[in-house]
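Participant: First the structure, then my questions, so here it is.
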Amino acid sequence: MRHLSRIEVNRASLLHNLEALKTLCPIARKVVAVVKANAYGHGLEPVVRALDGQVDYFAIDDIEELYAIRKISKVPTLVLGYVQRERIEDALALGSELAIYDVERLPWIQQACDKLGIRARIHVKIDALLGRQGLLPDEVAQFSEELKKYPSIDVHAAYSHFANIEDTTDLNHAQAQTTEFEKGLANLAGLMDRHESATSGAMVGEGATSRNQWVRLGIGLYGLYPSPQLERTWGALGLKPALKWISHLAQVKTLPAKHPVGYGLTYITNKRTKIGIVPQGYSDGYDRGLSNTGEVLVKGKRCAVLGRIAMNMFAIDLTEVPDAQAEDEVVLLGSQGEDRITAEEIAQKTGTINYEVIARISPLLPRVFS
């Protein structure tokens, strides 16, 4: 029996988006699919299965995601985030490449290499005017000297990340970042690959040049644009959202006039009203900010959220769908009939971004291919 609520992931859309984005960076030697955060909420397993053999690398955040990938794929995998010292050996044993952003980790990597009898490939993260994880450009020379003490560690690539490239046409900061990145690179011995661009960088052309051999595809891979501005500019790419969030009506009932709906009495019916109960809530990732503002689709019609979103359920107005019955399909995100609820629409109503809307969908919901 199918779960009452689920996430459908469209494989054809993922592959279409991958090919569309490749046209922006035809010189890239390595295409990296970023599948961290449960593949941006789409489900790590179905996305990795869909892209296995289609990309050169996967990029993830932590070792738990690495374990999950290795059950499915042998594609080279870069761990971008923090790995505890005592788990470095496990990460290397699973064939990962680690992001390195300080000297503290180097002896632990060497120790793991000695124990495993292998060499480690690392990607040096340079913090070029982002103020997050990474070595400052002026610290790279010292890091490079320290690295000489560890013969089993090879620098495979150096990388950075743009800070202000999605919502602006002013690329001065991005260009300054590239300059700072270059300063850091000059202090790393030997030739190596480099990468700066995620989806937004590829779209604006920053970092997607002959200097950068890799491109990291994240949000665009899933059919979403990094910002409304970039969607207006690159809408012709025809990216296709790959995710559809489906539930079903758990109950249909009619309330009398002047009847409260949900916690806090934030909605009171003004007439006899047919409502439906949707068995999803903020514990599933359906934001509480959609209380009294959100909409879902039932039989292709928009139905307003009534009252507050609760932990596991919320109510909707079925006035526009008089023939609705229990177990009818409800679309929280995605298309039904001629209409579509977009991640951008939800983000606007909840004061956030499309990234957060999809990444916060509960990993407990089943993910299936459509």
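The numbering of the sequence shown is the numbering used here, which starts it at 164 and goes up by one. Note that the Cβ used here is the ideal one computed from N, Cα and C, for glycine as well.
DSSP three-state call for E501: helix, strand or coil?
Facilitator: By 1-based counting over the sequence shown, the position of residue 501 is 338. If DSSP states are grouped into helix, strand and coil, E501 belongs with coil.
Participant: Tell me, please, which residues DSSP counts as bridged to L554.
Facilitator: Examination of residue 554 is not possible in this model, given that the chain is present from 164 through 533 alone.
Participant: Rounding to the nearest angstrom, what Cα-Cα distance links I521 and R250 in this structure?
Facilitator: Position 358 of the sequence shown, counted from the first residue, corresponds to residue 521. Position 87 of the sequence shown, counted from the first residue, corresponds to residue 250. Approximately 29 Å between the Cα atoms of the pair.
Participant: If you check the beta carbons only, do A321 and L348 fall under 8 Å apart?
Facilitator: Taking the first residue of the sequence shown as position 1, residue 321 is located at position 158. Taking the first residue of the sequence shown as position 1, residue 348 is located at position 185. The answer is yes: Cβ separation under 8 Å.
Participant: With DSSP as the reference, label P526 as helix, strand or coil.
Facilitator: On the sequence shown, residue 526 is found 363 positions in, with the first residue counted as 1. In the structure shown, P526 sits in coil (DSSP, three-state: anything other than H, G, I, E or B).
Participant: Just reading off the beta strand (DSSP E) that Q414 is part of, what are its end residues?
Facilitator: Position 251 of the sequence shown, counted from the first residue, corresponds to residue 414. Counting along the chain, the beta strand (DSSP E) containing Q414 begins and ends at Q414 to L418.
Participant: When we look at the beta-carbon of M366 and count the other beta-carbons within 10 Å, is it buried (16 or more) or exposed?
Facilitator: Residue mapping note: residue 366 aligns to position 203 of the sequence shown, counting from 1. So M366 counts as buried.
Participant: Quick check on the burial criterion: 16 or more other C-beta atoms within 10 angstroms. Buried or exposed for R165?
Facilitator: By one-based count along the sequence shown, residue 165 stands at place 2. Per-residue confidence for R165 stands at a pLDDT of 48, beneath the threshold of 50, marking its modelled position as unreliable; no derived number is given.
Participant: Terminal residues of the continuous alpha helix (DSSP H) containing Y203?
Facilitator: Along the sequence shown, read from residue 1 onward, the residue named residue 203 stands at position 40. Y203 -> alpha helix (DSSP H) spans K199 to Y203.
Participant: What is the rounded straight-line gap between the Cα of V459 and the Cα of R248?
Facilitator: Within the sequence shown, numbered from 1, the residue matching residue 459 stands at position 296. Within the sequence shown, numbered from 1, the residue matching residue 248 stands at position 85. Near 45 Å, if we compare the C-alpha coordinates of R248 and V459.
Participant: Which first and last residues belong to the beta strand (DSSP E) in which E483 is found?
Facilitator: Translated into the one-based positions of the sequence shown, residue 483 becomes position 320. Note, E483: premise wrong, no beta strand (DSSP E); not H, not E.
Participant: Quick one: is P419 buried, meaning 16 or more other Cβ sit within 10 Å of its Cβ, or exposed?
Facilitator: Taking the sequence shown and counting its residues from 1, one reaches residue 419 at position 256. Under this definition P419 is an exposed residue.
Participant: Is it buried or exposed for Q305, if we count other Cβ within 10 angstroms and need 16 for buried?
Facilitator: As a first step, residue 305 must be located in the sequence shown, where it is residue number 142. Its Cβ having fewer than 16 others within 10 Å, Q305 is exposed.
Participant: Looking at G368 and V197, is the spacing between their C-beta atoms short of 8 Å?
Facilitator: Taking the first residue of the sequence shown as 1, we reach residue 197 at position 34. Taking the first residue of the sequence shown as 1, we reach residue 368 at position 205. No; because the gap between Cβ atoms is not below 8 Å, this pair is not in contact.
Participant: Can the beta-carbon of E438 be found closer than 8 Å to that of L495?
Facilitator: Working through the sequence shown from its first residue, we reach residue 438 at position 275. Working through the sequence shown from its first residue, we reach residue 495 at position 332. In the sequence under discussion, the amino acid at residue 438 is Ile, which differs from the Glu named in the question. Cβ distance not < 8 Å, so I438 and L495 don't count as in contact.
Participant: Count the other CB atoms, across all protein chains shown, that sit within 10 Å of the CB of E260; report buried if there are 16 or more and exposed otherwise.
Facilitator: Locating residue 260 in the sequence shown gives position 97, where the first residue counts as 1. Buried: at least 16 other Cβ atoms inside 10 Å.
Participant: Ordered along the chain, which non-local residues of its own chain (more than five positions away) have a Cβ less than 8 Å from that of I235?
Facilitator: Counting from one through the sequence shown, the residue named residue 235 turns up at place 72. Same-chain partners within the cutoff: E208, V211, R212 and D215.
Participant: Rounded to a whole number of angstroms, what is the C-alpha to C-alpha distance between G444 and G353?
Facilitator: Residue 444 sits at position 281 when you count from the first residue of the sequence shown. Residue 353 sits at position 190 when you count from the first residue of the sequence shown. Answer to the nearest angstrom: the Cα atoms are 53 Å apart.
Participant: Give the straight-line distance between the Cα atoms of E507 and T331, rounded to the nearest whole angstrom.
Facilitator: On the sequence shown, residue 507 is found 344 positions in, with the first residue counted as 1. On the sequence shown, residue 331 is found 168 positions in, with the first residue counted as 1. C-alpha separation (whole angstroms): 18 Å.
Participant: Per DSSP, what kind of secondary structure is H411 in: helix, strand or coil?
Facilitator: Along the sequence shown, read from residue 1 onward, the residue named residue 411 stands at position 248. Here H411 sits in strand by DSSP.
Participant: Put K534 into one of helix, strand or coil per three-state DSSP.
Facilitator: As shown, the chain starts at 164 and ends at 533. That puts residue 534 outside it, with no answer to give.
Participant: Touching or not, the segment 324-342 and the segment 278-298, by the rule of three or more beta carbon pairs under 8 Å?
Facilitator: Because the criterion of three Cβ pairs below 8 Å is met, the segment 324-342 and the segment 278-298 touch.
Participant: Can you confirm whether Y445, when its beta carbon is compared against all beta carbons of chain B, has any partner nearer than 8 Å?
Facilitator: Within the model displayed, chain B is absent; a lone protein chain is all it includes.
Participant: Compute the distance between the beta-carbons of I226 and V238, then report whether it is under 8 Å.
Facilitator: Stepping through the sequence shown from its first residue, residue 226 is reached at position 63. Stepping through the sequence shown from its first residue, residue 238 is reached at position 75. Going by C-beta atoms, I226 is not nearer than 8 Å to V238.
Participant: How many whole angstroms separate the CB atoms of V303 and I289, which I take to be in contact at a CB cut-off of 8 Å?
Facilitator: Residue numbering aside, residue 303 sits at position 140 when the sequence shown is read from its first letter. Residue numbering aside, residue 289 sits at position 126 when the sequence shown is read from its first letter. Yes, V303 and I289 are in contact; Cβ-Cβ is about 6 Å, under 8 Å.
Participant: Roughly how many whole angstroms lie between the Cα atoms of A202 and Y388?
Facilitator: Indexing the sequence shown from 1 puts residue 202 at position 39. Indexing the sequence shown from 1 puts residue 388 at position 225. If you take the alpha carbons of A202 and Y388, they lie about 15 Å apart.
Participant: Could you check which residue in T240, R503 and E228 has the C-alpha nearest to that of D219?
Facilitator: For the purposes of this step, residue 219 is taken as residue 56 along the sequence shown, with counting starting at 1. Of T240, R503 and E228, the residue nearest in Cα terms is T240.
Participant: Comparing alpha-carbon positions, which option in T362, S446 and Y245 lies nearest D265?
Facilitator: Looking up residue 265 in the sequence shown gives position 102. Taking only the C-alpha atoms, the option nearest D265 is Y245.
Participant: I'd like the span of the alpha helix (DSSP H) that includes H179, first residue to last.
Facilitator: Taking the sequence shown and counting its residues from 1, the one referred to as residue 179 is at position 16. Note, H179: alpha helix (DSSP H), R174 to K185.
Participant: Using only the alpha-carbon positions, how far apart do A183 and A399 sit?
Facilitator: Taking the first residue of the sequence shown as position 1, residue 183 is located at position 20. Taking the first residue of the sequence shown as position 1, residue 399 is located at position 236. Distance between the alpha carbons of A183 and A399 is about 10 Å.
Participant: Taking the CB atoms as reference points, tell me whether V424 and V493 lie closer together than 8 Å.
Facilitator: Position 261 of the sequence shown holds residue 424. Position 330 of the sequence shown holds residue 493. In this structure, V493 does not lie closer than 8 Å to V424 by Cβ.
Participant: Looking at the strands, I want to know which residues DSSP matches up with H358.
Facilitator: What you label residue 358 is simply residue 195 of the sequence shown in a count that begins at 1. Answer is Y322, bridged to H358.
Participant: Can you say whether G470 is buried or exposed, counting buried as having 16 or more other CB atoms within 10 angstroms of its CB?
Facilitator: On the sequence shown, position 307 is the one that residue 470 refers to. Buried, because 16 or more other Cβ atoms sit within 10 Å of the Cβ of G470.
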